[in-house]
Amino acid sequence: MLAIIGGTGLDQLGNLKITHRQVIRTPYGEPSGALTFGTINQHEVMFLARHGYGHTIPPHEVNYRANLWALYEQGAKRVIAVASVGGIRADLIPGKIVIPDQIIDYTHGRPFTYFDGHERLVTHIDFTHPYDLALRKQILAAADIAKEECLDGGVYAAMQGPRLETAAEIDRLERDGAHMVGMTGMPEAALARELGLSYAAIAVVVNFAAGRGKSREGIHLDAISKIAEPAMVKVRKILGLVVEADDS
Ligand code: HPA
-6 MLAIIGGTGL DQLGNLKITH RQVIRTPYGE PSGALTFGTI NQHEVMFLAR
44 HGYGHTIPPH EVNYRANLWA LYEQGAKRVI AVASVGGIRA DLIPGKIVIP
94 DQIIDYTHGR PFTYFDGHER LVTHIDFTHP YDLALRKQIL AAADIAKEEC
144 LDGGVYAAMQ GPRLETAAEI DRLERDGAHM VGMTGMPEAA LARELGLSYA
194 AIAVVVNFAA GRGKSREGIH LDAISKIAEP AMVKVRKILG LVVEADDS
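Counting with my numbering, you get residues -6 to 241 for the letters of the sequence shown.
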């Protein structure tokens, strides 16, 4: 089954016919909320709001291990994560939708692995390509059918938050090769890989990164929701088509 993790601006799926909600306990504690099960055009899907349904959990306090574990344990095979980002690359202006293909992790102090028990063998995962190529392609194909522009590829920088970056930090991220910046992409992607889940992300650019474009003098937080709302309508449309094509 396909699972969707909704981020800022997507704490529910309008086109989801809900069948039930289920509270899941995991060996890693509580997920961000109950899992929502339902169907989109008769196709089963499960949904979890990453920041909780009232958006109360900040990025550094999300229990990523519990979230991914709960989806895995309930039978998810593939996970699409929706995340809002600041645009660094010149073409990543507010409103654009991107399917990133790489990650640089700057987060710290977050429980980031399932393989830290001393009784277990040391386990390494291959993370050369952090996002699942087939799932990325499927999202891009769905966007094509939906006639919604969706950019193929980009480097996602995962920052600790919850504060936004300084202009100099964004300059550094750009020098590092990052194209967009967010706060939730890691350890989520790595944990999905540890569990053997196919994982891809839909990144929605909701602001120019600090010091860029209209954020040269500062980021106007009130403008973010005005950008996010119409973009999330497009994301829902794309997700609906991905779910229809899902056979996992
Ligand atoms: N920086 C980090 N995370 C974000 C941003 C940003 O500018 N916009 C949305 N999430």
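Ideal placement from N, C-alpha and C gives every residue a C-beta, glycine not left out.
If I measure Cβ to Cβ from residue i and keep anything under 8 Å in the same chain, skipping five residues before and after, which residues do I get?
i, result
"Ile11", "Thr29, Phe30, Gly31"
"Leu306", "Residue numbering for the chain in the displayed model covers -6 to 241; residue 306 lies beyond these limits and cannot be assessed."
"Leu9", "Thr29, Gly31, Thr32, Ile33, Val38, Phe40"
CA-CA distance, residue i and residue j?
i, j, result
"Arg43", "Thr49", "10 Å"
"Ala135", "Ala193", "14 Å"
"Asp164", "Tyr149", "14 Å"
"Met(-6)", "Leu157", "35 Å"
"Phe120", "Leu188", "13 Å"
"Val197", "Gly0", "10 Å"
"Glu37", "Asp125", "21 Å"
"Val228", "Ala(-4)", "15 Å"
By Cβ distance below 6 Å, which residues in the same chain neighbour residue i in space, the five residues on each side in sequence not counted?
i, result
"Asp98", "Ala151, Met179"
"Arg82", "His172"
"Thr116", "Phe108"
"Ile118", "Arg186, Glu187"
"Phe201", "Gly80, Lys207, Ser208"
Identify, in the order they occur along the chain, each residue of the same chain with its Cβ nearer than 7 Å to the Cβ of residue i, setting aside the five sequence neighbours on each side.
i, result
"Gly47", "none"
"Arg265", "Outside the displayed span of the chain (-6 to 241) sits residue 265, for which this structure offers no information."
"Pro52", "Gly154, Pro155, Met176, Thr177"
For residue i, which beta-bridge partners are listed by DSSP?
i, result
"Met176", "Note: Met176 sits in no beta bridge, so no partner."
"Gln131", "DSSP output for Gln131 lists no bridge partner at all."
"Asp145", "Ile92"
"Gly22", "Thr19"
"Met39", "Ala(-4), Phe30"
"His13", "Phe30"
"Gly47", "Paired residues: none, contrary to the question."
"Val75", "Ile195"
ask   = Three or more C-beta pairs closer than 8 Å, one from the segment 62 to 70 and one from the segment 19 to 36: is that the case here?
value = Contact between the segment 62 to 70 and the segment 19 to 36 is present, because at least three Cβ pairs lie under 8 Å.
inquiry  = Whether or not the segment 216 to 225 and the segment 105 to 118 are in contact is what I'm after, with contact meaning three or more pairs of Cβ atoms, one per stretch, closer than 8 Å; do they touch?
reply    = Flag = no, the segment 105 to 118 and the segment 216 to 225 do not touch.
ask   = Quick check: the segment 226 to 240 against the segment 121 to 138, are there 3 or more CB pairs under 8 Å?
value = The answer is yes - the segment 121 to 138 touches the segment 226 to 240, with three or more Cβ pairs under 8 Å.
request  = Go through the segment 93 to 126 residue by residue and report every complete run of the beta strand (DSSP E) that reaches 3 residues or more, in order.
outcome  = Listed in chain order, they are 95 to 98.
inquiry  = If we require 4 or more residues per run, which alpha helix (DSSP H) segments fall completely within the segment 149 to 233?
reply    = For the segment 149 to 233, whole alpha helix (DSSP H) runs of length 4 or above, ordered along the chain, are 160 to 169, 181 to 187.
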